[in-house]
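Novice: Got a structure here, written out as structure tokens. Questions coming.
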Amino acid sequence: MDYNWDIQKIRNLKRKHIELLRKTSGLTLEEKNGITEQIEKLKQMEEELNPSFLSLPTFPKEKYVDKDKLLSQETLNSYFETPKFIREIIGKSLPLFQDFKETSYNYALPKKKQNNEEIVNLSHDFYKWLYNGNYEQLFLHYTNPNHHLLRFKKMNSTESLLGETIFFYYPQYLPFIQINKERNSKDFLTLNHEIAHSIFYIFENNNSYNTDHYFLLELEGSYFDFLSLEFLKERKVITKQEIQTLEYLQILAIIQSFRLFYINYLKILSYKKINQISIEFMIEKSIEHGLSDFISISSIDMYTNVNIKKEAKYIISFLTSLDLIKLYKENPTTAFQTFLQVRENQKKDIQKILIENGISCIKKEYPLLNDSLQKLKRIKKQD
């Protein structure tokens with residue numbers, strides 16, 4: 002089967018958004034900007050399907066707050082757009098990384114010869130297994146080749162995302178899913194992850210980014226990654242070594258979000274204290290915090306334009322998922338119900354939501370994060 006987007010469907014959707022922008026009166030500036038962003042996304046998708054030598058990618062000129070271009074204005078803005086209580090949750094967790102050292106892990110996931118249909122079929126089995134199959138019909142809708150919402154493409158060396166889901170809410174909800182295949186067992190997890198987003202973003206809208214609820218928008222991704230591994234263990238689909246490697250890679254990915262947050266926190270601290278980004282100041286502070294092994298000179302130079310708000314979303318969603326995982330081991334049904342209570346609750350006050358559902362990070366307690374880091378160490382020792 003051919004799993005791909007349909008260029009005519011995308012062009013029709015683009016035309017409807019252009020008409021919406023042109024013909025609708027009384028739109029706020031925020032609404033106009035949102036529609037314009039949707040049109041740009043559709044143009045990029047169209048270009049993805051029909052690349053043109055005349056249509057070269059354009060990148061906005063980045064603005065920096067310092068002369069050495071180590072801290073972008075966007076990074077600074079996104080840091081202060083992240084609520085103080087979210088920054089405090091992350092900041093209070095950082096001491097757990099004091100003795101963390103990056104070391105190589107020598108086991109590579111074996112290549113698989115699965116075609117796209119086989120990956121979809123295995124994912125279908127997962128969604129039949131998940132929570133009494135409550136989401137099977139949505140899965141079948143989103144993966145139906147005739148609906149042209151799912152696209153597989155070969156992962157290339159310039160890409161960093163394993164998968165992406167692009168959402169549109171006008172004139173109806175449509176999630177366009179792209180899986181960048183690595184031809185290993187991660188492809189199955191990536192598809193489950195993106196389908197989960199497609200299911201739960203039904204409850205969102207274009208304004209979700211502007212509320213504190215935003216910081217839980219990666220929760221289904223984190224939790225379904227765990228559930229996918231539980232499914233693979235139960236069905237004995239892959240080896241224990243592959244399971245262990247996938248667990249290792251998942252923890253390592255979220256550690257990178259913690260690292261990006263901390264590096265840019267140090268940059269902002271330096272900028273506030275001495276009105277410049279001083280690498281010496283940053284190193285001195287990292288030593289003072291006991292986190293000098295957590296950063297490097299090259300990482301300071303490399304990550305100059307990071308969306309702190311986005312990294313915080315990954316971190317908070319991950320920390321919340323750890324409590325769900327603990328609950329799953331006691332009662333899978335209760336764990337999923339708690340997941341729904343947290344994820345589908347769109348109140349602005351997510352502090353209250355997390356407290357009501359017993360999420361430990363809101364109390365600035367991190368035993369489950371510590372367990373994850375200890376698990377990472379054990380995996381490294383076994384290598």
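Everything in the sequence shown is counted per the working numbering, starting at 2 for the first residue and increasing by one. Glycine included, each C-beta is placed from N, C-alpha and C at the ideal position. Note that the structure is predicted; figures quoted are calculated from it, not measured.
From Ser186 to Pro333, what distance separates their C-alpha atoms?
Specialist: Spanning the two alpha carbons is a distance of roughly 24 Å.
Novice: How about Glu345 and Phe225: are their beta carbons less than 9 Å apart?
Specialist: No, Cβ-Cβ distance for Glu345 and Phe225 is not below 9 Å.
Novice: Of the residues Lys33, Gly92, Arg23, which one's Cα is nearest the Cα of Ile309?
Specialist: Measuring from the Cα of Ile309, the nearest candidate turns out to be Gly92.
Novice: Do Lys182 and Phe153 count as a contact pair if the criterion is CB distance below 9 Å?
Specialist: In this structure, Lys182 lies closer than 9 Å to Phe153 by Cβ.
Novice: What are the boundary residues of the alpha helix (DSSP H) that Phe225 is part of?
Specialist: 220–236 is the span of the alpha helix (DSSP H), which, as asked, contains Phe225.
Novice: When you compare only the Cα positions, how much space is there between Ile278 and Ser271?
Specialist: Their Cα atoms are separated by approximately 5 Å.
Novice: Answer yes or no: do Thr76 and Asn358 have a C-beta to C-beta separation smaller than 9 Å?
Specialist: Result no, Cβ atoms of Thr76 and Asn358 do not sit closer than 9 Å.
Novice: Touching or not, the stretch 85–102 and the stretch 256–269, by the rule of three or more beta carbon pairs under 8 Å?
Specialist: Contact holds: three or more Cβ-Cβ distances are below 8 Å.
Novice: Where does Ser73 fall in DSSP's three states?
Specialist: If DSSP states are grouped into helix, strand and coil, Ser73 belongs with the strands.
Novice: Residues in the same chain with beta-carbon distance under 8 Å from Lys376, minus the five sequence neighbours each way, listed in chain order, please.
Specialist: Hits under 8 Å: Glu248, Ile252.
Novice: Ile351 and Leu217: beta carbons closer than 9 Å?
Specialist: Cβ distance < 9 Å, so Ile351 and Leu217 count as in contact.
Novice: Where does Phe86 land, buried or exposed, given buried means 16+ other C-beta within 10 angstroms?
Specialist: Exposed is the call here.
Novice: Between the stretch 11–18 and the stretch 36–47, are three or more C-beta pairs nearer than 8 Å?
Specialist: Output reads yes: the stretch 36–47 touches the stretch 11–18.
Novice: Buried or exposed: Met156, going by 16 or more other Cβ atoms within 10 Å of its Cβ?
Specialist: Under this definition Met156 is a buried residue.
Novice: With distances taken from CA atoms, which of Pro96, Glu118, Leu320 is nearest Ile180?
Specialist: Cα-wise, what sits closest to Ile180 is Glu118.
Novice: So, are the CB atoms of Gly164 and His125 less than 9 Å apart?
Specialist: The answer is no: Cβ separation not under 9 Å.
Novice: Which runs of the beta strand (DSSP E), 3 residues or longer, sit entirely within the stretch 231–303?
Specialist: Qualifying beta strand (DSSP E) stretches: none in this window.
Novice: So what's Leu320 in DSSP terms, helix, strand or just coil?
Specialist: Helix, per DSSP.
Novice: Given this structure, state the Cα-to-Cα distance separating Phe337 from Asp324, to the nearest angstrom.
Specialist: Going by the C-alpha atoms only, they are around 11 Å apart.
Novice: My guess is that Phe259 and Leu95 are in contact by the Cβ rule of under 8 Å, so how many angstroms apart are they, rounded?
Specialist: About 7 Å; that satisfies the 8 Å criterion.
Novice: Measuring only the C-alpha atoms, how far is Glu32 from Ser26?
Specialist: Distance between the alpha carbons of Glu32 and Ser26: 11 Å.
Novice: Out of Lys274, Ile275, Ile301, state which residue places its alpha-carbon closest to the alpha-carbon of Ile284.
Specialist: For the residues Lys274, Ile275, Ile301, the minimum Cα distance to Ile284 belongs to Ile301.
Novice: Shortest alpha-carbon distance to Ser293 belongs to which of Lys102, Lys364, Lys365, Lys314?
Specialist: Nearest C-alpha to Ser293: Lys102.
Novice: Can you tell me which of the three DSSP states Phe101 falls into?
Specialist: Reduced to three states, the DSSP call for Phe101 is coil.
Novice: Do Phe98 and Leu374 have their C-beta atoms within less than 9 Å of each other?
Specialist: In this structure, Leu374 lies closer than 9 Å to Phe98 by Cβ.
Novice: Could you pull out every residue in the same chain whose Cβ sits closer than 7 Å to the Cβ of Ala313, ignoring the five residues on either side in sequence?
Specialist: Cβ neighbours of Ala313 beyond the five flanking positions: Thr83, Ile87, Ile91, Phe216, Phe262.
Novice: Measure the alpha-carbon distance for Asn34 versus Lys68 and round it to whole angstroms.
Specialist: Cα to Cα, Asn34 sits roughly 30 Å from Lys68.
Novice: Which whole-angstrom value describes the C-beta separation of Lys10 and His149, a residue pair presumed to lie in contact below a C-beta threshold of 8 Å?
Specialist: Yes, they are in contact, since the Cβ atoms of Lys10 and His149 sit about 6 Å apart, within 8 Å.
Novice: Do Leu192 and Val121 have their CB atoms nearer than 9 Å?
Specialist: It is a contact, given that the beta carbons lie within the stated cut-off.
Novice: Note the first and the last residue of the continuous beta strand (DSSP E) segment covering Arg181.
Specialist: Looking at the sequence itself, residue 181 is Asn, so the reference to Arg does not match. Here the beta strand (DSSP E) through Asn181 covers 175–182.
Novice: Note down the Cα distance separating Arg23 from Lys365, rounded to an integer number of angstroms.
Specialist: Cα to Cα, Arg23 sits roughly 48 Å from Lys365.
Novice: Glu219: buried (16+ other C-beta within 10 angstroms of its C-beta) or exposed?
Specialist: Looking at its Cβ environment, which holds 16 or more other Cβ atoms inside 10 Å, Glu219 is buried.
Novice: Would you mind working out which of Glu49, Asn145, Asn135 sits nearest Tyr4, comparing C-alpha positions?
Specialist: Looking at the Cα atoms, Asn145 is the closest of the given residues.
Novice: With distances taken from CA atoms, which of Ile380, Ser299, Ile317 is nearest Ile280?
Specialist: Per the Cα distances, Ser299.
Novice: For Gly164, does the three-state DSSP call read helix, strand or coil?
Specialist: Looking at Gly164 - three-state DSSP - the assignment turns out to be strand.
Novice: Counting only the same chain and skipping the five closest in sequence on each side, list residues whose C-beta sits under 7 Å from that of Phe232.
Specialist: If we look at Phe232 and ignore the five residues flanking it on each side, its Cβ neighbours are Phe127, Trp130.
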